[in-house]
Amino acid sequence: VAYRVLITDDSAAMRSFVRRVIEVSGFDLAACFEASDGAEALELLRREWVDAILTDINMPGVDGEELLRRLAADELLRGIPAIVISTDATENRIARLLALGARGYVTKPFRPETLRAELERTLGVPCD
Amino acid sequence: MAIRAALSTAVADVLERMFFLEALGEADEPPANSGMVAVQLTFDGDPPGCFRMRLARAAAGSIAADFLGEDAESLTGEQSADVTLELANMICGAVLSRIESSATFRLGTPQIVADDANTERPAEEARYTVETGTGTLTVAIQMEKRHAR
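The listed protein sequences correspond, in order, to chains H and Z.
-9 is the number that my numbering gives to position 2 of the first sequence; each next residue is one higher, with no gaps.
So my numbering is basically just the index in the second sequence, starting at one, shifted up by 16.
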């Protein structure tokens, strides 16, 4: 099975890095979409089905927290697992985002294998 | 964790995990007008404060190329700046998480600013410079006094 992933981050450099890390990590990637904020992500999700969403928190406009709220409120989209990728490793923030519906949390800096493992855990991919 | 120790471990961790670079040890900070890119980022929280970074231009290009998996010659100024801002964001977040893992901080948007090498530094600022192999990276953090409860 190959998976379709959406990367949401206001930094084009970070989106490019995450995409490259997923590709070289050996994760089974069928398609990779990019959005620069939560609003663009929601618009894309009306046209494209994805298996998982990777999102930053601090973004202008619709930020990561608001994106999680809108996903949870949407009957069609609430089943898509979202993983937060953030520099913020404080306990309060992680607990808050998991309570908002994030299924996973990866703290920057991260190793490529950490991101792959979190994607596979969230998607229920069986271990090799 | 002491603030200066948090700065040095955060820098080493970010360079290694995200940029596949080994920090080559502490170095002397270059003077003003020595070809540095400066970034500033403020943060809210308890306590709030300000994070600053100075990165040699040669190192900025090399680090951006490694991060994006491209040749340094083919990078645009915008790409290099974007990666430099992301580097500052990651180091600041990593430092704050080490200093106060149970607190909540909200990072502002990092911005390229004029080099602060000649400005007077606050006494409470912690500062650390490291050699990256293609130039020095200096990080500094200043946290306001904690609010009385």
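Every residue, glycine too, gets a C-beta built ideally from N, C-alpha and C.
Between Asn49(Z) and chain H, the shortest Cβ-Cβ separation is not below 9 Å.
Contact annotation for Asp77(H) against chain Z: Gly109, Leu112, Ser113, Thr120, Phe121, Arg122 and Leu123 [CB-CB distance below 9 Å, chain order]. In the three-state scheme derived from DSSP, where H, G and I count as helix and E and B as strand, Ile79(Z) is classed as helix. For the pair Phe83(Z) and Ala74(Z), the Cα-to-Cα distance works out to about 14 Å.
Not flagged as an interface residue toward chain Z: Ser25(H), since no C-beta distance is shorter than 9 Å. Within chain Z, not a single residue places a beta-carbon under 7 Å from that of Arg58(H); the smallest gap is close to 17 Å. In terms of Cα proximity to Leu18(H), the closest of Met3(H), Val39(H), Arg82(H) and Val95(H) is Val39(H).
Bounds of any alpha helix (DSSP H) do not take in Val(-10)(H), whose DSSP letter is neither H nor E.
Phe6(H) and Ala88(Z) have their alpha carbons spaced roughly 15 Å apart. Counting along the chain, no alpha helix (DSSP H) covers Val39(H), and no H or E run does either. Apart from sequence neighbours up to five positions away, the residues of its chain that approach Thr145(Z) with a beta-carbon distance below 6 Å are Ala43, Glu45, Thr152 and Thr154, ordered along the chain. In the structure shown, Asp29(Z) falls within a helical segment according to DSSP collapsed to helix, strand and coil. For Glu86(Z), the three-state secondary structure derived from DSSP is coil.
Within the segment 37 to 125 of chain Z, the complete alpha helix (DSSP H) segments at least 4 residues long are 73 to 84 and 93 to 115, listed from N- to C-terminus.
Secondary structure of Val95(H) (DSSP, three-state): strand. Ala76(Z) and Ala97(Z) have their C-alpha atoms roughly 8 Å apart.
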